[in-house]
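Peer 1: Residue numbers (the working numbering): 57 to 251.
Just so you know, even glycine gets a beta-carbon here, dropped at the ideal spot from N, CA and C.
Given the structure is predicted, the values throughout are model-derived calculations rather than measurements.
Next up is a structure, given as structure tokens.
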């Protein structure tokens, strides 16, 4: 496929960038490599992204969006808030582990990219907190959760479960049991009217 027959757009550039990163790694890959793989000039890439950092951030942002796509469907479940919150937190805990198992090479590359994309990572964290808050607010409306400050509760829940998104936790033989125990404890705390 040559770009004479198709028009260049951000999606094509991101796909090519992923392949270049897969081939060379995030430290050695550069915009010139992406341009060469697309058979376009270096300047053509700059029309869409103003530099390597912006392009790498876009790749990281897309990876995070794909990683957490299942959580969007969980939010649409017709379930009580406590069940929905369990599913959401379980998905948050398992998403990166699935990625590490299904595509370990790219997962390692994305971990490196994420270290240099803190703004993208912070946005991803905030999105996760907002999703938890949405479910907590549903639970308050349903009379399941008794929380005065849903955002602070959501942030605390996110922080309490964030240990499970780190690669160091992936090999723990008791990981699944630990995830379930922590999530159940948090849900019981949200249900307790003695907060």
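(1) Count the CB pairs spanning the region 225–242 and the region 127–146 that are closer than 8 angstroms, and state whether there are at least three.
(2) Is the distance from the Cβ of residue 70 to the Cβ of residue 103 below 8 angstroms?
(3) Does the region 95–113 touch the region 151–166, meaning 3 or more C-beta pairs lie closer than 8 angstroms?
(4) Apart from the five residues just before and just after residue 200, which ones in its own chain have a Cβ nearer than 7 angstroms to its Cβ?
(5) Going by the CB atoms, is the gap between residue 187 and residue 131 shorter than 8 angstroms?
(6) Relative to the C-alpha of residue 192, which residue among 182, 178 and 211 is closest?
(7) Please work out which residues of its chain come closer than 8 angstroms, Cβ to Cβ, to residue 74, disregarding the five sequence neighbours upstream and downstream, and give them in chain order.
(8) For residue 184, which residues in the same chain have their Cβ closer than 7 angstroms to its Cβ, ignoring the five residues on either side in sequence?
(9) Tell me the DSSP secondary structure of residue 57 in three-state form.
(10) Taking only three categories from DSSP, how would you classify residue 240?
(11) With 8 angstroms set as the bound, which would you pick, yes or no: does the beta-carbon of residue 217 sit closer than that to a beta-carbon of chain C?
(12) Alpha carbon to alpha carbon, what distance is there between residue 120 and residue 220?
(13) Thinking C-alpha only, which one of 111, 194, 125 and 157 is nearest residue 172?
(14) If you run the structure through DSSP and keep just helix, strand and coil, what is residue 147?
(15) Once you ignore the five residues that flank residue 229 on each side, which residues in its own chain have a CB closer than 6 angstroms to its CB?
(16) Does residue 234 come out as helix, strand or coil in the three-state DSSP assignment?
(17) May I ask you to report which of helix, strand or coil DSSP gives residue 84?
(18) Would the beta-carbon of residue 165 fall within 8 angstroms of that of residue 78?
(19) Whole angstroms are fine: how far does the CA of residue 101 sit from the CA of residue 226?
Peer 2: Inspection of the coordinates gives the following:
(1) Here the region 225–242 makes contact with the region 127–146; the two share three or more CB pairs at distances below 8 angstroms.
(2) On the chain shown, residue 70 is found 14 positions in, with the first residue counted as 1. On the chain shown, residue 103 is found 47 positions in, with the first residue counted as 1. In this structure, residue 70 sits away from residue 103, with a CB-CB distance that is not shorter than 8 angstroms.
(3) Contact between the region 151–166 and the region 95–113 is not established, with fewer than three Cβ pairs separated by less than 8 angstroms.
(4) For this step, residue 200 is matched to residue 144 along the chain shown. Taking C-beta separations shorter than 7 angstroms and ignoring five residues to either side along the sequence, the partners of residue 200 in its chain run 136, 137, 138 and 247, following chain order.
(5) Here residue 131 refers to the residue found at position 75 of the chain shown. Here residue 187 refers to the residue found at position 131 of the chain shown. Yes; because the gap between Cβ atoms is below 8 angstroms, this pair is in contact.
(6) The residue labelled residue 192 in the question sits at position 136 within the chain shown. Nearest neighbour of residue 192 by Cα position, chosen from 182, 178 and 211, turns out to be 211.
(7) Your numbering for residue 74 matches position 18 in the chain shown. Here residue 74 has 115 and 162 as same chain residues with Cβ atoms under 8 angstroms from its own Cβ, once five neighbours each way along the sequence are excluded.
(8) Taking the first residue of the chain shown as 1, we reach residue 184 at position 128. Within the same chain, residue 184 has close Cβ partners 148 and 214.
(9) Within the chain shown, the letter at position 1 stands for residue 57. Only weak support exists for where residue 57 lies, its pLDDT of 46 falling under 50; the value from the coordinates is given anyway. Coil.
(10) As a position in the chain shown, residue 240 is number 184, starting the count at 1. In the structure shown, residue 240 sits in a helix (DSSP, three-state: H, G or I).
(11) No chain C appears in the structure shown, which is made up of a single protein chain.
(12) Numbered from 1 along the chain shown, position 164 holds the residue referred to as residue 220. Numbered from 1 along the chain shown, position 64 holds the residue referred to as residue 120. Roughly 16 angstroms between the two C-alpha positions.
(13) By one-based count along the chain shown, residue 172 stands at place 116. With distances taken between Cα atoms, residue 172 lies closest to 111.
(14) Start at 1 with the first residue of the chain shown, and residue 147 comes out as number 91. DSSP places residue 147 in the helix class (H, G or I) of the three-state scheme.
(15) For this step, residue 229 is matched to residue 173 along the chain shown. Excluding sequence neighbours, residue 229 sits near nothing in its chain.
(16) Looking up residue 234 in the chain shown gives position 178. In the structure shown, residue 234 sits in a helix (DSSP, three-state: H, G or I).
(17) By one-based count along the chain shown, residue 84 stands at place 28. Looking at residue 84 - three-state DSSP - the assignment turns out to be coil, as it is neither helix nor strand.
(18) As a position in the chain shown, residue 165 is number 109, starting the count at 1. As a position in the chain shown, residue 78 is number 22, starting the count at 1. In contact: residue 165 and residue 78 (Cβ atoms closer than 8 angstroms).
(19) Here the question's residue 226 lines up with position 170 in the chain shown. Here the question's residue 101 lines up with position 45 in the chain shown. Answer to the nearest angstrom: the Cα atoms are 37 angstroms apart.
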